[in-house]
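Here the structure is laid out as structure tokens; the discussion comes afterwards.
Protein chains: 2
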Amino acid sequence: MSVVVGIDLGGTGLRAGLVAPDGKMSSTRSFEHGGLRNPVDAIEAIVRAVEAVACGVKVDAVGIGVAAWVEKATGFVARAPNLGWVDVPFGELLERRLGVPVVVHNDLKAIAWGEYRFGAGVGADTLLVVFLGTGVGSAIVAGSTLWTGARGFGGEIGHVKSGPDDGPLCGCGRRGCLEAYVGGGALARRAAELRAKGRLKSITGAGDVTALDLERAAMHGDPDARVLLEQGGDLLGRSLGAVINVLNPDVLLLGGGVWFASQYVRDAVREGIDYASHPFLRKSVRIVESALGPTAGVAGAADLARRKVAAP
Amino acid sequence: MSVVVGIDLGGTGLRAGLVAPDGKMSSTRSFEHGGLRNPVDAIEAIVRAVEAVACGVKVDAVGIGVAAWVEKATGFVARAPNLGWVDVPFGELLERRLGVPVVVHNDLKAIAWGEYRFGAGVGADTLLVVFLGTGVGSAIVAGSTLWTGARGFGGEIGHVKSGPDDGPLCGCGRRGCLEAYVGGGALARRAAELRAKGRLKSITGAGDVTALDLERAAMHGDPDARVLLEQGGDLLGRSLGAVINVLNPDVLLLGGGVWFASQYVRDAVREGIDYASHPFLRKSVRIVESALGPTAGVAGAADLARRKVAAP
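From first to last, the protein sequence lines are chains W and Y. Counting in our numbering, the first sequence runs from 6 upward without gaps. Counting in our numbering, the second sequence runs from 6 upward without gaps.
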């Protein structure tokens with residue numbers, strides 16, 4: 006039996022685990038890295054994390070999910086806006102440094118695969134997974150295969166244009182992307198703008214405003230907080246409605262910090278889906294929530310790596 | 006070598022052909038049926054068409070593309086708004102009547118498969134096909150497989166909600182579907198409404214206004230005609246931009262009567278795509294036009310049937 010480590014490398018944190026074939030983790034580590042803008046630093050952080058969770062056992066393969074546009078098969082990172090990387094042969098560099106087979110996927114692809122294999126997506130024919138974290142990530146599993154599209158960038162709705170040209174700025178450099186409205190980072194930026202204008206007074210403290218801060222403020226009657234959450238949820242829901250029409254999934258799986266933090270977001274997402282999707286397609290899809298939470302990406306990345314080394 | 010007939014059954018016309026393995030047609034028939042609202046009439050029309058193109062040769066299989074939501078594998082028509090059918094076991098009925106293996110697909114799936122196998126989609130990794138005819142049809146071929154989704158209804162953008170709740174009525178019964186803005190039927194309905202208000206005066210004649218009528222009127226300076234074409238094209242383009250983001254296709258193939266009739270529509274579609282898709286995904290996709298035109302569906306349906314009888 007192969008010993009496989011899974012890694013979830015996000016824009017601000019890293020999580021690693023030694024993952025059994027059934028998805029269970031016998032050893033895990035997670036830490037905030039505060040932004041690994043140099044890929045070499047990321048590689049060294051991954052090497053240390055692999056050593057830490059392996060506890061001296063020889064590792065046969067490493068699977069990584071990274072918040073990036075990753076080319077299929079090669080593990081080449083074409084763009085990682087949240088890490089600041091452009092054109093990094095990440096898979097190749099890592100494989101050389103670690104000396105074992107390495108599989109690199111977009112983080113949401115690893116998460117979707119984890120939920121499909123071990124979580125709330127088990128048994129789905131056509132699974133659409135959407136995580137509302139710092140950003141808006143999504144991925145598709147259909148017929149037991151991760152959707153990649155032609156280059157590997159398929160499956161993502163975060164950068165669908167949802168607002169006008171003078172809409173909020175997205176981490177990708179454009180304005181009006183869905184992620185610029187409903188990701189946790191976007192909510193924090195938009196809240197900061199409102200606070201600078203003397204609004205959102207019920208939220209105190211100096212740090213970034215979280216979705217949970219906004220949820221509490223909205224519950225206590227702050228209309229600005231409610232509008233931020235509901236507008237973001239509505240835009241996401243309408244985009245999901247359109248995607249449901251096009252993909253005809255049987256399961257839509259939702260998760261991530263913002264999703265679980267805000268009832269206003271959840272209600273608006275569901276209403277947006279009902280509004281935008283055709284009733285005939287809408288009734289074919291079951292909406293479920295993430296079962297694995299923050300460990301889905303680690304489990305999925307490890308399983309994808311295990312398949313690579315097990316393949317004939 | 007199997008003798009295979011392909012059929013394209015649309016809302017108003019039927020086209021049949023005896024199709025060789027290379028997609029070439031040695032014998033074809035096409036006629037307007039004026040709306041086969043009884044499936045039994047459709048079956049008899051198909052039987053006659055098969056006999057006509059077979060010219061006495063024994064047929065081994067028949068493939069059909071029909072303007073309908075067709076369940077995968079079974080050929081069960083769940084809904085065919087343009088024909089007025091609901092819950093018709095069409096594949097089963099046809100197979101019993103014809104006495105040979107029958108494969109039924111949605112018409113756009115047959116068209117997309119035809120273009121993928123024999124037309125402008127040959128060699129595509131991830132192909133998105135959109136035909137602007139009476140309605141707006143689309144389908145996806147990825148990794149040499151037609152995208153079906155969980156029940157078989159996937160691949161379609163025509164009923165994505167693109168306008169408000171009081172937007173134009175769609176053939177599916179909802180308001181604001183994309184198809185209610187840019188399909189040929191929708192353009193005719195919207196033009197008729199304007200003419201009833203004394204607008205579009207440059208268009209004379211009593212029949213339905215076509216996309217070509219509108220194109221000519223727009224070219225001669227009629228602002229209403231131009232708005233109809235450009236609004237429809239823009240909404241389609243923006244929806245396609247979103248789908249390009251989600252699917253990461255390498256080829257987008259466009260065709261159909263309205264597409265070829267109107268430069269205003271074509272320009273607006275391209276601008277809408279550029280607006281809504283992320284530049285990073287946009288540059289991965291090549292936009293091409295249908296090579297097979299109205300025979301794509303016949304060729305595709307026949308090839309899908311040939312594969313079924315050839316499969317081990």
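Beta carbons: idealized from backbone N, C-alpha and C, even for Gly.
Do W/R20 and W/R34 come within 9 Å of each other at the CB atom, strictly closer than that value?
-> Within the first sequence, the letter at position 29 stands for residue 34 of chain W. Within the first sequence, the letter at position 15 stands for residue 20 of chain W. It is a contact, given that the beta carbons lie within the stated cut-off.
Could you list the residues in the region 104–134 of chain Y with a C-beta less than 7 Å from some C-beta on chain W, going in chain order?
-> In summary, the residues of the region 104–134 of chain Y whose CB is separated from some CB of chain W by less than 7 Å are D130 and T131, in the order they occur in the chain.
Ordered list of alpha helix (DSSP H) runs contained in the region 174–224 of chain W, each at least 4 residues | 184–187, 189–201 and 216–224
Output the boundary residues of the alpha helix (DSSP H) element that contains W/V52.
-> Start at 1 with the first residue of the first sequence, and residue 52 of chain W comes out as number 47. Element bounds for W/V52: P44 to A59.
Roughly how many angstroms lie between the CA atoms of W/A72 and W/V82, to the nearest whole one?
-> In the first sequence, residue 72 of chain W corresponds to position 67, counting from 1. In the first sequence, residue 82 of chain W corresponds to position 77, counting from 1. Near 10 Å, if we compare the C-alpha coordinates of W/V82 and W/A72.
Kindly indicate if chain Y contains any beta-carbon less than 9 Å away from that of W/E161.
-> By one-based count along the first sequence, residue 161 of chain W stands at place 156. Answer yes: the Cβ-Cβ gap between W/E161 and chain Y drops below 9 Å somewhere.
Determine the contact status of W/D308 and W/G11, defining contact as a CB-CB distance below 9 Å.
-> Reading the first sequence from its first residue, position 303 is the one you call residue 308 of chain W. Reading the first sequence from its first residue, position 6 is the one you call residue 11 of chain W. It is a contact, given that the beta carbons lie within the stated cut-off.
Close-in-space but distant-in-sequence residues of the same chain around Y/A59 (CB under 8 Å, 5 per side omitted) | Counting from 1 along the second sequence, the entry for residue 59 of chain Y is found at position 54. Cβ within range, chain order: V8, V10, L23 and S32.
Between the Cα of Y/L234 and those of Y/L257, Y/V248, Y/A211 and Y/R195, spot the shortest distance and give me the residue it belongs to.
-> Counted from its first residue, the second sequence places residue 234 of chain Y at position 229. Nearest C-alpha to Y/L234: Y/R195.
Buried versus exposed, by CB contacts within 10 Å (16 or more), W/R101 = Your numbering for residue 101 of chain W matches position 96 in the first sequence. By the 10 Å Cβ count, W/R101 comes out exposed.
Do we get a CB-CB distance below 9 Å when we pair Y/P94 with the residues of chain W?
-> Looking up residue 94 of chain Y in the second sequence gives position 89. So, not an interface residue.
Does the region 113–131 of chain W touch the region 223–241 of chain Y, meaning 3 or more C-beta pairs lie closer than 8 Å?
-> no
Output the residue ranges of the beta strand (DSSP E) runs that lie fully inside the region 52–118 of chain Y and measure 3 residues or longer, sorted by chain position.
-> Correct list: 66–71, 82–85, 90–93 and 107–111.
Enumerate in chain order the residues of its own chain whose CB-to-CB distance from Y/S322 is below 7 Å, with the five nearest sequence positions on each side excluded.
-> A query on residue 322 of chain Y cannot be resolved here, the shown segment of chain Y reaching from 6 to 317 and no further.
Can you name the residues that DSSP bridges to W/I292?
-> Stepping through the first sequence from its first residue, residue 292 of chain W is reached at position 287. Answer is W/L257.
Using 9 Å as the limit for Cβ to Cβ distance, is Y/G172 near chain W?
-> What you label residue 172 of chain Y is simply residue 167 of the second sequence in a count that begins at 1. Judged by the 9 Å Cβ criterion, Y/G172 is not in contact with chain W.
Residue range of the alpha helix (DSSP H) that Y/L240 falls in?
-> Against the second sequence, residue 240 of chain Y aligns to sequence position 235. Note, Y/L240: alpha helix (DSSP H), P228 to L252.
Are the region 141–161 of chain W and the region 267–276 of chain Y touching, with three or more C-beta to C-beta distances below 8 Å?
-> Pairwise C-beta distances place the region 141–161 of chain W out of contact with the region 267–276 of chain Y, as fewer than three of them are shorter than 8 Å.
Where W/A117 and W/L258 are concerned, what is the direct C-alpha to C-alpha distance, given to the nearest angstrom?
-> Start at 1 with the first residue of the first sequence, and residue 117 of chain W comes out as number 112. Start at 1 with the first residue of the first sequence, and residue 258 of chain W comes out as number 253. Taking the straight line joining both Cα atoms gives about 9 Å.
Could you tell me which chain Y residues have their CB closer than 7 Å to the CB of W/K288, listed as they occur along the chain?
-> As a first step, residue 288 of chain W is located in the first sequence; it is residue number 283 there, counting from the start. Within chain Y, no residue comes near W/K288; the closest Cβ sits about 10 Å away, beyond 7 Å.
Would you say Y/Y186 faces chain W, with C-beta separation under 9 Å as the test?
-> To locate residue 186 of chain Y, count along the second sequence from 1; it is residue 181. No, Y/Y186 lies away from the interface with chain W (no Cβ there is under 9 Å from its Cβ).
Residue(s) in a DSSP beta bridge with W/T150 = Along the first sequence, one-based indexing puts residue 150 of chain W at 145. For W/T150, which the question treats as bridged, DSSP gives the partners W/A147.
How far does the alpha helix (DSSP H) with W/L286 in it reach, from first residue to last?
-> Sequence index remark: in the first sequence, residue 286 of chain W carries index 281 (1-based). P284 to R287 is the span of the alpha helix (DSSP H), which, as asked, contains W/L286.
Look up W/L132 in the DSSP assignment and give the residues it is bridged to.
-> As a position in the first sequence, residue 132 of chain W is number 127, starting the count at 1. Checking the DSSP bridge columns, you'll see W/L132 partnered with W/V146 and W/V256.
For the beta strand (DSSP E) holding W/I12, just list the boundary residues, first then last.
-> For the purposes of this step, residue 12 of chain W is taken as the residue at position 7 of the first sequence. Counting along the chain, the beta strand (DSSP E) containing W/I12 begins and ends at V9 to L14.
Cutoff 6 Å; reference W/K114; Cβ partners in own chain excluding five residues on either side = Residue numbering aside, residue 114 of chain W sits at position 109 when the first sequence is read from its first letter. Closer than 6 Å at Cβ, skipping near neighbours: A144 and L151.
Determine whether the Cβ of Y/N253 lies closer than 9 Å to any Cβ atom of chain W.
-> Against the second sequence, residue 253 of chain Y aligns to sequence position 248. Yes, because at least one Cβ of chain W sits closer than 9 Å to the Cβ of Y/N253.
Could you confirm whether any beta carbon from chain W is found closer than 9 Å to the beta carbon of Y/K166?
-> Taking the second sequence and counting its residues from 1, one reaches residue 166 of chain Y at position 161. Chain W, which has a Cβ nearer than 9 Å to the Cβ of Y/K166, makes this yes.
What three-state label does DSSP hand Y/F158 in the structure shown?
-> Taking the second sequence and counting its residues from 1, one reaches residue 158 of chain Y at position 153. Reduced to three states, the DSSP call for Y/F158 is coil.
Please state whether DSSP places W/L309 in a helix, a strand or coil.
-> Translated into positions along the first sequence, residue 309 of chain W becomes position 304. Helix, per DSSP.
If we ignore side chains and look at the alpha-carbon of each, how far apart do W/A25 and W/S282 end up?
-> Start at 1 with the first residue of the first sequence, and residue 25 of chain W comes out as number 20. Start at 1 with the first residue of the first sequence, and residue 282 of chain W comes out as number 277. Their backbone Cα atoms lie some 39 Å apart in a straight line.
Using the rule of at least 16 other Cβ atoms within 10 Å of the residue's Cβ for burial, across every protein chain shown, is W/F123 buried or exposed?
-> Here residue 123 of chain W is taken as the residue at index 118 of the first sequence, counted from 1. Answer is buried; the Cβ neighbour count reaches 16.
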